Amino acid sequence: MHPLKVVAALLLLGIMVMFGGGATHTLYGIHQHNSLLEQRTYEVPWSLMQLQLEMGRFLDAVRLFHADAIRHDELMLRYDILWSRTPVLLSSQFKDTLSERPDLWLLIQQIESRVRGLEQQVQALVPGSPGYQLILAELNPYLEPLSRTVTATMHGNVRFYAEYDQAYRLMGQRLYVQIVGLFVSAALLLLLLLRELWRYRSQQLRDPLTGLPNRFALQRRMAPMIEQGIPFSVTVLELEDFSQHHHRFGFEVADRLLQAFSQRLQQSLQPHEFIAQFGREGVVVLARGVVELEEVRAQLSRFRQALTEKEAIDSYDFYMTPVIGVVLYPADGDNLVDLLARGELALELCKRDRLPYVIFDPSLLKEMARRQRLARDLPAALDSSSLGLCFQPLTEPRSGDCAGLQTLLHWHHPGFGMISSTELLRVTEQFQLSERVFMWMLTNACRHLRRWQELEEPGLFVSLKLPPSLFRDGLERRILPVLEQHGLAAGSLVLDLDESMVMQDAFEAQAIMAALGAAGIRMTLADFGSGCSSWGSLSRLPISWLKLDPTFCSGIERPGEARQQLETLFGLGRLLGYPLICCGVDHEAELGVLSGMAGELLVQGDWVGAPLAAVEVPGWLKRRQP
Numbered sequence: 001m002h003p004l005k006v007v008a009a010l011l012l013l014g015i016m017v018m019f020g021g022g023a024t025h026t027l028y029g030i031h032q033h034n035s036l037l038e039q040r041t042y043e044v045p046w047s048l049m050q051l052q053l054e055m056g057r058f059l060d061a062v063r064l065f066h067a068d069a070i071r072h073d074e075l076m077l078r079y080d081i082l083w084s085r086t087p088v089l090l091s092s093q094f095k096d097t098l099s100e101r102p103d104l105w106l107l108i109q110q111i112e113s114r115v116r117g118l119e120q121q122v123q124a125l126v127p128g129s130p131g132y133q134l135i136l137a138e139l140n141p142y143l144e145p146l147s148r149t150v151t152a153t154m155h156g157n158v159r160f161y162a163e164y165d166q167a168y169r170l171m172g173q174r175l176y177v178q179i180v181g182l183f184v185s186a187a188l189l190l191l192l193l194l195r196e197l198w199r200y201r202s203q204q205l206r207d208p209l210t211g212l213p214n215r216f217a218l219q220r221r222m223a224p225m226i227e228q229g230i231p232f233s234v235t236v237l238e239l240e241d242f243s244q245h246h247h248r249f250g251f252e253v254a255d256r257l258l259q260a261f262s263q264r265l266q267q268s269l270q271p272h273e274f275i276a277q278f279g280r281e282g283v284v285v286l287a288r289g290v291v292e293l294e295e296v297r298a299q300l301s302r303f304r305q306a307l308t309e310k311e312a313i314d315s316y317d318f319y320m321t322p323v324i325g326v327v328l329y330p331a332d333g334d335n336l337v338d339l340l341a342r343g344e345l346a347l348e349l350c351k352r353d354r355l356p357y358v359i360f361d362p363s364l365l366k367e368m369a370r371r372q373r374l375a376r377d378l379p380a381a382l383d384s385s386s387l388g389l390c391f392q393p394l395t396e397p398r399s400g401d402c403a404g405l406q407t408l409l410h411w412h413h414p415g416f417g418m419i420s421s422t423e424l425l426r427v428t429e430q431f432q433l434s435e436r437v438f439m440w441m442l443t444n445a446c447r448h449l450r451r452w453q454e455l456e457e458p459g460l461f462v463s464l465k466l467p468p469s470l471f472r473d474g475l476e477r478r479i480l481p482v483l484e485q486h487g488l489a490a491g492s493l494v495l496d497l498d499e500s501m502v503m504q505d506a507f508e509a510q511a512i513m514a515a516l517g518a519a520g521i522r523m524t525l526a527d528f529g530s531g532c533s534s535w536g537s538l539s540r541l542p543i544s545w546l547k548l549d550p551t552f553c554s555g556i557e558r559p560g561e562a563r564q565q566l567e568t569l570f571g572l573g574r575l576l577g578y579p580l581i582c583c584g585v586d587h588e589a590e591l592g593v594l595s596g597m598a599g600e601l602l603v604q605g606d607w608v609g610a611p612l613a614a615v616e617v618p619g620w621l622k623r624r625q626p
């Protein structure tokens, strides 16, 4: 959450606490007022009024009895009622209340004393006698103070209830404001939290770098279409050589390049298309109703057109070339997982074979299943006789002397038959088996080479193709112990490095190759001429040979373009100071042309020497000796 929003949330929370605390305090005040109201004694005012009323009635009864208007027993009844009123007020029930007003307490005691003192006079009173005046004289003085007391008490009650009602109204108003404030602040806080929750859920469905919908959003879009059986295409796109750009120019430039790539594709979309980020480097375009090949090709052409213009980032100019894999629903899969997996498979094949795009075909599944089976069986084959080495000679074209042997791996699989060295390399790279297989090849090749050097050729070397995944810092520390174990000099090993592998990061490659060269291990730049090596980079590499791609030896027996290309490469080799290795020499005429070009040269091919089993190499070497 943004810091300002955190402050706003905390402020709203503080306001809620303030209103909530105020409401709680107000409710407590109302409760206290109610307690005071409950504690207020109603009996005292009522008893005083009864005392005043009964005293007046008794005095009236005395007057009526004097006039012989009522009987004596009626007079005594009024006296008894009057006499019963004072003990109630003087009882312990009202003592605490009346103790706060000593004047009232004294007045009631005096009235009780006078009333009790008149008992004999009242009993002896007869109509027409002057004794009634004594009774009136005893009690009349108390009527006025009693009346004032009752009136004051009633006024006090009125004031009390008026003040209570006013305070209750004020607390009610304050409580209303506090509750409204509490609900408003709670609603605002809830709204803020819901908004942040919505933003969080939106971010969960967006890639933070490109802003595109992510894989989860893609799955949510695809799932209903699959449920409804709506046909669509899934196009997976990545930038070619993006990892190289990331390594060479840093993550900031690479991130901006990826943003530009995504933005251009997004701008080229049509209404029926949906784009989403797919992994770190790729995007996926989901096209509703696009399942015909012509429609797919038109879509891919539009995407390529959107990426044709160069992108300038920090004074670097980039031309964005996509690699593309396409899968169709329902033809190529009936569920989300299979569709995405097969789209990735098509993308990987597009990268591997450097094609403009690959549209998934069911035959690709067979190829993938074959590779998976080979990867599962390969570890066991390393310990059995089904996996073996063969060696193809590298000779000098004029003398015919054998300088070294190219080590090739072959495998007779029980289910697929003979597996080529090229396919094995792909499998080992894809399934993380390269190091184990390479070290197995190196160990066995060194074991054979030691025996051949002792018997035939002390200067003989073996050449091994280095898998790209092993071309990393510290490689010499893995290789040298194997050479030392078999008593071989470091120069007895030549590593074949692909041109594309070396040129991927020239600075890092130079450091790795410098370490190998310092250890005495020799190297060739294989498949030279088919990649994009710059002369400046080549001149700084510690290589021993440039190994030409086999296609450059095809057709050189006749004057023409093929021979001119080969002569150009020979001239480039002389200019850079590197000898050449020509592969694919399969005819005598080709060998004759190469012999005439002179210079330091080694040749390899079926005409020079077909791949040999290890047991055949000593005999072949003897036959080559003069």
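Under full-length UniProt numbering, think of the first position of the sequence shown as 1, with each following residue one higher.
No residue lacks a Cβ here, since even glycine has one placed at the ideal position from N, Cα and C.
Because the structure is a prediction, the values reported are computed rather than measured.
Whether residue i touches residue j by CB criterion (8 Å)
| i | j | result |
| --- | --- | --- |
| F232 | L286 | yes |
| Q564 | F552 | no |
| M55 | L182 | no |
| Q219 | G22 | no |
| L378 | V427 | yes |
| P322 | R297 | no |
| L389 | W411 | no |
| V608 | T395 | yes |
| L493 | I512 | no |
| L516 | E484 | no |
| A306 | A217 | no |
| I111 | V122 | no |
Among the options, nearest to residue i - alpha-carbon criterion
| i | options | result |
| --- | --- | --- |
| Q259 | V62, R280 and F274 | R280 |
| S554 | G571, L576 and C582 | C582 |
| L13 | L82, G117, W46 and A187 | A187 |
| L576 | L546, W452, L621 and L107 | L546 |
| T443 | H410, Q432, P481 and L460 | P481 |
| S129 | H66, A490, P213 and I275 | H66 |
| D317 | F570, V253 and E367 | V253 |
| D361 | G343, R354, V615 and L378 | G343 |
| P542 | D549, G520 and W452 | G520 |
| R148 | R169, D103 and R114 | D103 |
| I313 | R297, L257, K366 and E294 | L257 |
| E616 | G20, E456 and M523 | E456 |
| L336 | P224, S595, E484 and G605 | P224 |
| N34 | F160, L483 and R436 | F160 |
| V585 | R472, E567 and G605 | G605 |
| E74 | D549, P458 and L59 | L59 |
| I30 | D255, L374, D165 and I359 | D165 |
Contact belief for residue i with residue j at Cβ below 8 Å, rounded distance in angstroms
| i | j | result |
| --- | --- | --- |
| P467 | S434 | 4 Å |
| V283 | L212 | 7 Å |
| C402 | R624 | 6 Å |
| L345 | L364 | 6 Å |
| R114 | Y132 | Going by Cβ atoms, the distance from R114 to Y132 rounds to 15 Å, so no, they are not a contact pair. |
| P611 | F391 | 7 Å |
According to DSSP, residues forming a beta bridge with residue i
| i | result |
| --- | --- |
| K547 | I581 |
| W411 | L387 and I419 |
| C402 | T395 |
| E311 | F318 |
| D586 | According to DSSP, D586 bridges with nothing at all. |
| E238 | G282 and V323 |
| A526 | D498 |
| I275 | V285 |
| Y329 | F232 |
| R206 | P213 |
| L493 | V462 |
| L612 | F391 |
| residue 637 | Because residue 637 is not part of the residues shown, which for the chain are 1 to 626, the question remains open. |
First and last residue of the uninterrupted beta strand (DSSP E) at residue i
| i | result |
| --- | --- |
| D317 | Y316 to F318 |
| F507 | Run containing F507: none in the beta strand (DSSP E); it sits in the alpha helix (DSSP H), A506 to A518. |
| L300 | Where L300 is concerned, there is no enclosing beta strand (DSSP E), although the alpha helix (DSSP H) it sits in stretches over L293 to A306. |
| L464 | F461 to K465 |
| L576 | Premise fails: L576 lies in the alpha helix (DSSP H), E561 to L576, not in any beta strand (DSSP E). |
| L602 | L601 to V603 |
Segment limits, alpha helix (DSSP H) that includes residue i
| i | result |
| --- | --- |
| F216 | R215 to Q228 |
| L339 | L336 to D353 |
| V115 | P102 to G117 |
| Y79 | H72 to L89 |
| H448 | S434 to L455 |
| S262 | F251 to Q267 |
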